[in-house]
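Sequential numbering of the sequence shown, starting at 95, is according to our numbering.
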Amino acid sequence: MRSKVIELSKMSYKNYCVVFVIFALAIVQAVGHDTELYETAACDSNACFEELHGALGDCSCNVDTIDYFNNVKIFPRIQSVVGKDYFRFYKVNLKKECPFWVDDSRCAMKYCHIKTCSKESVPGIENGYGNDDDEEFPALKYSENAQTTPCGSDTDHDPALGFLNMTLSAASQYEIAKWKAYDDSIGNFCECDDKDADAEYVDLSLNPERYTGYKGPSAHRIWRSIYQENCFRVKTNPYESFPYVLSSDLSNMCLEKRVFYRAVSGLHSSINIHLCSKYLLSEKKIGFAAPPEGEWGPNLEEFQRRFDPSKTFGEGSNWLKNLYFVYLLEMRALAKAGPYLEREDYFTGNPVEDEETRDAIRNMLGVIYTFPDHFNESSMFIVGNQAIKLKQEFREHFWNISRIMDCVGCDKCKLWGKLQTQGLGTALKILFSGQWDSFEGDSDQGRLMLKHKSHKRLQRTEIVALFNAFARLSNSIRELENFRNMLRSHEETEVFLNCEKDVEHRTRLF
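Here is the structure:
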């Protein structure tokens with residue numbers, strides 16, 4: 095009789111645990127997929143996310159609003175856009191030497207290598223349509239060969255007496271080329287190398303951004319150089335091995351310097367999230383059903399290692415907030431240049447595909463225009479000569495960061511580093527170069543009413559980088575929701591296991 099009572103007691107307690115867990119899962123499911131409101135419930139039970147909600151700082155927006163807007167409205171649309179042929183192919187020079195230090199620390203892992211493609215395989219490029227300037231290289235106008243072409247058979251003047259010698263020396267041609275390069279760079283926030291002889295097209299769909307195994311001193315040197323030498327700093331950090339600016343020090347910076355640091359930090363956070371969400375869980379296995387390139391998926395432990403406050407001097411949550419901040423900044427650039435981007439051709443030579451691309455972009459931009467709390471760039475660089483100097487420093491610092499990407503020792507990491515840096519640089523160009531400012535616009539949305547092709551155009555590579563960079567930020571915010579759910583599931587499993595242990599402990603007492 096006593097044994098039956100014990101058995102019934104065990105079954106009753108186990109059933110109680112099961113019912114409790116099912117009830118908890120139902121609540122999580124209901125909260126996690128509520129799309130009726132902008133707000134999503136913050137998960138206070140985990141250190142990585144307990145402070146990731148509420149006001150974002152340096153803008154009027156909050157994290158919860160962006161979560162809903164991105165995950166429900168933007169993410170599916172931007173994924174559709176960058177899946178189009180126009181945005182799949184990115185021209186980049188991956189053979190440049192590091193301009194700052196000698197480093198032969200090349201990544202030997204197979205996952206670091208990329209697959210390039212020929213110019214002929216890129217839709218639309220063979221037809222010469224790349225948004226690039228078609229004018230002749232200016233120095234060539236003054237070569238000796240250019241002056242030997244007959245001007246005609248006019249007889250009303252003496253050719254010898256009227257001869258105009260327009261030949262320039264090689265040294266002068268070199269100087270003119272430098273002048274053109276300088277003129278072209280005015281307003282640019284990053285180095286563009288798509289016209290280099292070594293530049294090649296890369297199919298981004300064949301080279302996804304994910305964990306490659308690139309780490310160690312070479313990788314750490316990249317980010318240390320970015321933060322310690324190219325970010326504005328208030329003072330030397332007391333933690334010698336911690337190159338980042340502490341959030342407590344940001345309040346001592348002016349708005350412009352805070353924006354710069356938070357944009358770079360947000361980009362860094364986004365890249366780290368990509369690596370954690372597409373982590374190499376196991377190498378290629380033998381068998382018919384085994385994945386051909388190994389098993390890839392989210393690594394919760396790696397995510398916690400990179401963002402848990404207890405392992406990041408309390409900065410992990412702030413780094414994640416910076417992701418939302420740079421997302422707002424790039425989305426504002428898309429909104430500001432929206433009417434221009436809506437009129438772009440996005441030519442690939444496939445009329446049906448091109449029209450679908452234009453429709454997808456117009457649809458996404460239409461949604462972006464409805465966002466209630468865009469980043470306000472008009473509050474920056476507004477104090478006379480000091481503002482002009484600060485904007486120049488701002489541009490030069492980011493230009494250096496784009497050049498540091500050539501020091502990355504992993505080709506795939508370099509590819510995505512250069513693309514996302516150029517994308518952010520293009521956003522900064524739209525917001526702060528002045529080329530995109532106009533008195534004619536939509537006062538409510540701050541959009542520019544540009545006459546297509548009458549203003550300086552964005553190059554094809556800049557457009558491809560801008561949309562793909564924004565897509566990467568959107569993907570990172572979406573992946574945060576996946577990690578939240580993983581942590582909830584992990585905690586629920588622990589609750590269930592603790593229940594079972596408690597049951598076993600209680601049964602021993604009978």
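We treat Cβ as the ideally placed atom computed from N, Cα and C, and that holds for glycine. Computed from a predicted structure; not experimentally measured.
Residue i - containing alpha helix (DSSP H), residue span
i: Ser342; result: 341-344
i: Leu509; result: 505-526
i: Val420; result: 410-430
i: Trp530; result: That residue, Trp530, is in no alpha helix (DSSP H); it is neither H nor E in DSSP.
i: Val479; result: It is Asn, not Val, that sits at residue 479 in the sequence shown. Counting along the chain, the alpha helix (DSSP H) containing Asn479 begins and ends at 478-498.
i: Asp448; result: 445-463
i: Arg399; result: 394-401
i: His468; result: Premise fails: His468 is in no alpha helix (DSSP H) and is neither H nor E.
i: Ser319; result: 311-324
Check whether residue i and residue j have beta carbons under 8 Å apart
i: Arg489; j: Phe283; result: yes
i: Asp161; j: Ile462; result: no
i: Ile606; j: Ile320; result: Examination of residue 606 is not possible in this model, given that the chain is present from 95 through 604 alone.
i: Leu188; j: Lys483; result: no
i: Lys213; j: Tyr295; result: yes
i: Tyr611; j: Lys415; result: Residue 611 lies beyond the residue range present for the chain, which begins at 95 and ends at 604; the question has no answer from this structure.
i: Asn156; j: Ser568; result: no
i: Phe419; j: Arg356; result: yes
i: Leu518; j: Leu361; result: yes
i: Phe211; j: Asp297; result: According to the sequence as given, residue 211 is Cys; it is not Phe. In contact: Cys211 and Asp297 (Cβ atoms closer than 8 Å).
i: Val175; j: Phe181; result: yes
i: His468; j: Phe354; result: no
i: Ile316; j: Val502; result: yes
For residue i, the first and last residue of its enclosing beta strand (DSSP E)
i: Val502; result: No beta strand (DSSP E) contains Val502, which DSSP labels as neither H nor E.
i: Asp297; result: 294-297
i: Glu373; result: Reading off the sequence shown, one finds Tyr at residue 373, where the question assumed Glu. Unbroken beta strand (DSSP E) run through Tyr373: 373-376.
i: Trp390; result: 389-391
Residue i to residue j span [Cα, whole Å]
i: Leu422; j: Lys190; result: 32 Å
i: Gly218; j: Phe441; result: 6 Å
i: Gly177; j: Arg171; result: 10 Å
i: Lys185; j: His584; result: 42 Å
i: His207; j: Leu146; result: 35 Å
i: Ala521; j: Ala431; result: 9 Å
i: Trp413; j: Asn562; result: 21 Å
i: Lys512; j: Ala559; result: 9 Å
i: Gln516; j: Thr555; result: 9 Å
i: Cys325; j: Leu349; result: 13 Å
i: Gln527; j: Ile495; result: The residue you asked about is not Gln; residue 527 is Ser in the sequence shown. For Ser527 and Ile495, the distance between alpha carbons rounds to 18 Å.
i: Trp390; j: Met580; result: 16 Å
i: Ser473; j: Asp152; result: 10 Å
i: Lys289; j: Gly408; result: 43 Å
i: Arg578; j: Leu374; result: 20 Å
i: Gly148; j: Asp292; result: 47 Å
i: Ile64; j: Ser341; result: Because the chain here runs from 95 to 604, residue 64 falls outside it and cannot be looked at.
i: Pro302; j: Gly478; result: 44 Å
i: Gly443; j: Arg452; result: 13 Å
i: Gln398; j: Arg566; result: 20 Å
i: Thr406; j: Pro337; result: 11 Å
Any chain D beta carbon closer than 8 Å to residue i
i: Ala427; result: No chain D is part of this structure, which consists of one protein chain only.
Next item on the list: Inspect the CB distances between the stretch 450-463 and the stretch 417-436 and report whether three or more fall short of 8 Å.
Entry: yes
Next item on the list: Counting only runs of 3+ residues fully inside the stretch 141-222, write out the beta strand (DSSP E) ranges in chain order.
Entry: 183-186
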